[in-house]
Structures are given as C-alpha cells and as structure tokens.
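Only one structure is covered here, and it is reproduced in the block below.
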Ligand SMILES: *Cc1c(COP(=O)(O)O)cnc(C)c1O
C-alpha cells in the first residue's frame, strides 16, 4: 500500500551518530597518506596472528563458537579470574552498549566526563537513557569530584575513561580508588581502559581489572583494537563480577564475536613481549613528539598513543592543513585536535604543520 511512511522512535534524532576518524585517500599527487585519526597502532598484527586467522578463515562456513571458549579461557588465565568474569564483545564499544542496555530504563542517567569517548552518548541515547556530561578539569583530566556530585538516584552507570580519549590524561590509581570508595555500590562504574597498555608503559597507571576484585560494581574494559593492532577485527572484552558479566551476556548479540577475530585474539595473547616492545616504541615516539609540540602549544600529558592539541576555534583549520600534507587527524571543531602517534614520517608532518601554524 502507499501512504504513511514507517514510524521511527520520536527521539531518534537525539542519537549523535559516531564521527569516525577519516580514512586516508591516497590521491597520487601528495604521495602516501597516513591516518593519525583513529588511534590505531602503525604496525600490522603481531607475529603468528595472521597464520592463526588464515587457518580459522578456512572454516568460515561454520558459525563461531558462541561462547568463544578458547579466547575467554586465555583471558581468564591472563587476568587470573574465572571464565565467568570475562565478557567478550565486538570491540569494547559493543560492551559499552551492552552495559547500558542491561542497566538502564528510559530516563535513567549515565554519567561521564566530557569531552570523552564519543560512543558514550550514543549508547546512552540508544536505550532512551539520559547522558549527564561532566566537563573536564582545566588540565583536560576527569573532574572526579564533579562527577561524584553528578550521581543521583537515577544514575545507573558511570563511565570513566583512563587514559581519556581524546584528551590523554589518566586517572591516578589513588584517585580512582577514592572515587570507587565514594560511589554508591549499586551504581555500575565502567573503567574504560582501551589504552591501558600504553598507560602502563608511560609510568604508574591505574589497573581497573585489579579493582574488579574489590569492587563488585566495577567493569573494566580492554580491547584488542589498540595495542594489539586488531582494530579491523572488532574484538574487546570486559572483566567484572560474575553478576555483571551474566548481565552483559544477556544483552549481547548472539554470535557477535566472529571466529577469525577470536582466533586472532588467542594468538595475540601469546605475543605479550612483542606487543610491549611495540607499545614502548610508540610511547617513546609520543614523548619525542610532545616535547616538540609543546614549544608551540600547551599539550596535556598523555598516557595513550595519541595527544590533544587544544586549538579551540582553529581546530578544523589545523586538520585541513594536516590533510594538505597527507595526514588525517581527528578534529573536534571549536575544541581541539586529537592526533594519534603513528609512523615517525607522519608525526613529523604534523609537527611541521604545527610549527607553521601562525
Ligand atoms: C578505541 C576505544 C574503545 C574501543 O574500541 P573497540 O575497537 O570497540 O574495542 C573503547 N573506548 C575508548 C575510549 C576507545 O578510544
């Protein structure tokens, strides 16, 4: 029949929509184009991982093991927890969605810092919950005191992002523990540690996974996308109490994590030393780059594989200049630019743009 159009939710327009980092478009004219827009590590999969993927890919006509038993067991062993304390997801961003879906009714509140990871407002709105965005402190770190004050009877979930994407600072362990001791134990606190491996290589770093042992309301998130170099495969995980993990499994899509990604995860975990070597290389390069960048602009300390240039109104213009020299970066117009630490030649191009930038 012809007539009325289909009916969507009337709050659909509130979903912000994820602004992905730009994919580089080699145009031949400017030579190779580098992506410093999505916080990927500039290396391929770890040694042995491609073979594991290829072997598993030969069985692609079969559904994956719905529980990804092998990967879950490897992660449980790695973190010294039970297999019922590990939740897998198609990237840890999926687990962000699952946790809000599991905890929130329409109108419930989700507290997080802002600016922080762009997925938080999306997954919050998706279920009709209300994002409560707490501005970062002047040094671009989480304002934990203000976040604590923002927690009300309606708060079901708090997201903490450490190190914070896109600004870089981490939450020191003592402050994290103080916050957790202060938050009502019926509020679920997600400690998003997507960049944990870089934080550990940068100095003293909090350990959300360890804190799940003492706090039954804490969910620590880790991912294979960043330090392990598997962003294209979509696999991440959470560590928490069995109660939280059971809730996450209820809100997961069946067969979400595919068999090739699971095999890659297992193989990657066997390459801890090489992963750490690569991460150390990125962290050393970050410090070199930051030292130069700071001659031009105040850059907050980063414990991750990216840094934040607080360029305000000139953020979009800076990103355009970078693109002209064959590097994509992530601009947040009116606020700043997030630049991933990548190949030295790409990092150099950004520094050159910064040096010439009025
Ligand atoms: C990259 C990132 C993630 C997760 O990415 P996935 O690829 O979905 O695992 C989660 N949180 C933050 C803050 C990130 O930057």
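Residue numbers (the working numbering): 23 to 380.
Just so it is clear, CB atoms sit at the ideal spot from N, CA and C, and this is done for glycine as well.
Every value quoted in this text rests on a predicted model; they were computed, and no experiment measured them.
Here residue 174 is exposed. Its C-beta has fewer than 16 other C-beta atoms within 10 Å. One thing to note: residue 129 has its Cβ no nearer than 8 Å to the Cβ of residue 145. Only exposed fits residue 346, as fewer than 16 other CB atoms lie within 10 angstroms of its CB.
Checking the 7 Å criterion, the Cβ of residue 178 is out of range of every heavy atom belonging to ligand 1. Rounded to the nearest angstrom, the Cβ distance from residue 133 to residue 241 is 14 Å, too far for a contact under 8 Å.
In this structure, DSSP gives residue 228 a state outside helix and strand, which the three-state scheme calls coil.
Residue 119: member of the alpha helix (DSSP H) spanning 114–125, first to last residue. Bridge pairing for residue 328: 362 [DSSP].
Residue environment for residue 250: buried (at least 16 other C-beta atoms within 10 angstroms of its C-beta). If you compare the alpha carbons of 208, 214, 256 with that of residue 239, the shortest gap goes to 208. Cα atoms of residue 301 and residue 171: separation of roughly 36 Å, rounded to the nearest angstrom. The closest heavy atom of ligand 1 lies less than 7 Å from the beta carbon of residue 187.
Residue pairing by DSSP places residue 245 opposite 258 in a beta bridge. The closest heavy atom of ligand 1 lies less than 7 Å from the beta carbon of residue 115. Cα atoms of residue 276 and residue 135: separation of roughly 31 Å, rounded to the nearest angstrom.
Per DSSP, residue 180 lies in no alpha helix (DSSP H); the unbroken beta strand (DSSP E) holding it starts and ends at 177–183.
Looking only at 176, 107, 182, 309, the smallest Cα-Cα distance to residue 163 is reached by 182. Contact between the segment 64–82 and the segment 280–296 is present, with at least three C-beta pairs closer than 8 Å. When Cβ pairs closer than 8 Å are counted between the two stretches, the segment 319–333 is seen to touch the segment 360–371, the count reaching three or more. Of the residues 192, 60, 262, 43, the one whose Cα lies closest to the Cα of residue 232 is 262.
Taking every protein chain shown into account, the CB of residue 62 has 16 or more other CB atoms within 10 angstroms, so this residue is buried.
With a cutoff of 8 Å on beta-carbon distance, residue 40 and residue 141 are scored as near each other.
Per the Cβ contact rule, the segment 213–228 is not in contact with the segment 73–92 (fewer than 3 Cβ pairs under 8 Å).
Remark: the C-beta of residue 344 is outside contact range of ligand 1, defined as less than 7 Å to any heavy atom.
In this structure, the alpha-carbon of residue 355 lies about 41 Å from that of residue 74. When the alpha-carbon of residue 201 is set against those of 224, 185, 165, 225, the nearest one is in 165. The C-beta of residue 294 has fewer than 16 other C-beta atoms within 10 Å across all chains shown, which makes the residue exposed. Ligand 1 never approaches residue 354 closely enough for any of its heavy atoms to be under 7 Å from the residue's Cβ. Restricting attention to alpha helix (DSSP H) runs no shorter than 4 residues, the segment 54–125 encloses them at 71–79, 91–101, 114–125, ordered along the chain.
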